[in-house]
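Reviewing the structure listed below.
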Amino acid sequence: MNATIINAFEALRKLRVEQGEPYRARAYERAINALRNHPTQIQSAEEARMIPGIGESLASKIDELFRTGSVSELQMARPLEELEKERVLKLFESVEGVGPVTANRWYAAGYRRLEDVPVSSLTATQRLGIELHSDLVQRIPRDEFLEDDRILHQCLDPLGIQFVIAGSYRRGKETSGDIDVLVINRPNTDVISTVIQCPIFTHQLGRREKKFLGIGKIRNTYRRIDIELAEPHEYPFAIVYFTGPATFNEKMRSHAKQYSLRLNEKGLYDAQGNSYPAQTEQDVFAMLGLQYLTPEERDKY
Ligand code: TTP
Ligand code: MG
Numbered sequence: 009m010n011a012t013i014i015n016a017f018e019a020l021r022k023l024r025v026e027q028g029e030p031y032r033a034r035a036y037e038r039a040i041n042a043l044r045n046h047p048t049q050i051q052s053a054e055e056a057r058m059i060p061g062i063g064e065s066l067a068s069k070i071d072e073l074f075r076t077g078s079v080s081e082l083q084m085a086r087p088l089e090e091l092e093k094e095r096v097l098k099l100f101e102s103v104e105g106v107g108p109v110t111a112n113r114w115y116a117a118g119y120r121r122l123e124d125v126p127v128s129s130l131t132a133t134q135r136l137g138i139e140l141h142s143d144l145v146q147r148i149p150r151d152e153f154l155e156d157d158r159i160l161h162q163c164l165d166p167l168g169i170q171f172v173i174a175g176s177y178r179r180g181k182e183t184s185g186d187i188d189v190l191v192i193n194r195p196n197t198d199v200i201s202t203v204i205q206c207p208i209f210t211h212q213l214g215r216r217e218k219k220f221l222g223i224g225k226i227r228n229t230y231r232r233i234d235i236e237l238a239e240p241h242e243y244p245f246a247i248v249y250f251t252g253p254a255t256f257n258e259k260m261r262s263h264a265k266q267y268s269l270r271l272n273e274k275g276l277y278d279a280q281g282n283s284y285p286a287q288t289e290q291d292v293f294a295m296l297g298l299q300y301l302t303p304e305e306r307d308k309y
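Anchor point for the sequence shown: position 300 equals 308 in the working numbering, and the numbering is continuous, going up by one each time.
So this is what it looks like as structure tokens:
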């Protein structure tokens with residue numbers, strides 16, 4: 009909870025020590041302790057000002073952190089090569105199929121630009137990720153989803169295949185990183201193969217029995233598309249899971265654990281493995297003794 013603020017304050021505390029300002033360092037230490045004991049996620053600098061131990065000057069740092077995503081004083085105090093390394097690692101990790109391990113390996117090999125990485129060393133996904141990089145790093149505007157939804161309905165309605173676009177789009181976000189499509193399975197049909205016949209799909213990156221990772225082209229821009237396939241009885245659990253956000257899912261799961269229940273994207277189970285069926289998303293919340301939250305409300309938790 010509040011890890012972003014705590015990390016920034018920890019860095020500012022160290023900076024004050026280096027600057028020979030022990031009293032100011034102490035102020036950060038007190039604020040960090042107060043933040044560690046704070047029971048909820050702080051949403052604004054105003055809220056932070058109410059916490060004993062966080063004065064005006066410290067609250068203004070939180071304000072800057074919320075507005076800009078960083079504290080300029082910290083950025084300026086850091087050695088240049090460290091900033092450069094962070095920039096390069098961020099670039100590498102923005103490539104589909106590249107995680108922190110590969111990014112660090114490329115950095116250690118002396119690569120600084122995507123063009124520096126030998127093509128022969130790339131996986132098929134990474135190769136595509138670099139080829140389509142300028143499209144894939146762009147956020148997807150909300151209105152484009154209306155188009156995705158329309159095209160998918162055009163393809164799938166006649167076949168009786170039901171789907172919902174989930175993820176950050178369903179939570180009402182103005183922009184999203186990718187398109188998350190939850191599809192309901194049908195007996196005796198290879199549903200994923202049928203869905204990806206729809207002409208928006210252009211590339212396959214990975215596929216499992218009930219999951220498809222790929223790329224689509226909408227309005228002339230390549231976008232990441234994920235498909236999850238759920239059995240009809242799993243749907244209420246699958247839509248909660250795929251709507252997210254991930255932090256909310258973790259909280260729901262640990263909440264279930266307190267009652268010795270196991271929650272996942274397929275169902276809710278007790279210690280003996282008996283499942284608790286649900287008809288709707290509301291049922292899933294109710295069975296866990298939780299008040300229902302609309303998708304838009306789930307980012308706060
Ligand atoms: P994402 O598409 O990764 O997340 P998102 O749609 O919330 O945000 P973005 O705009 O960046 O695409 O995953 C879709 C949902 O899947 C996510 O909201 C919750 C669930 N999920 C988890 O619960 N844990 C995870 O680690 C991931 C990657 C996803
Ligand atoms: Mg998403």
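For glycine and all other residues, C-beta sits at the position ideal for the given N, C-alpha and C.
Query: Proximity of Ala56 and Ile70 at Cβ, strictly below 8 Å; Result: yes
Query: Distance, Ala286 Cα to Val292 Cα; Result: 6 Å
Query: Host alpha helix (DSSP H) of Glu94 (start-end); Result: Leu88 to Glu101
Query: Ser176 CB to nearest heavy atom of ligand 2 below 7 Å; Result: yes
Query: Check: Asp143 C-beta below 7 Å from any heavy atom of ligand 2; Result: no
Query: Distance cut-off 7 Å: Gly185 Cβ against heavy atoms of ligand 2; Result: yes
Query: Identity of the residue in Asn15, Cys206 and Ser102 nearest Arg121 by Cα; Result: Ser102
Query: The segment 168-177 in contact with the segment 241-253 per 3-pair CB rule at 8 Å; Result: yes
Query: Nonlocal neighbours in the same chain, by C-beta distance under 8 Å from Phe153, ignoring five residues either side; Result: Ile173, Tyr177, Ser184 and Ile187
Query: For Gln299 and Tyr284, the rounded distance between their alpha carbons; Result: 18 Å
Query: Heavy atom of ligand 2 within 7 Å of Asp188 beta-carbon; Result: yes
Query: Cβ pair count under 8 Å reaching 3, the segment 191-207 against the segment 113-128; Result: no
Query: Endpoints, alpha helix (DSSP H) assigned at Asp188; Result: From DSSP, Asp188 is part of no alpha helix (DSSP H) but of the beta strand (DSSP E) over Ile187 to Ile192.
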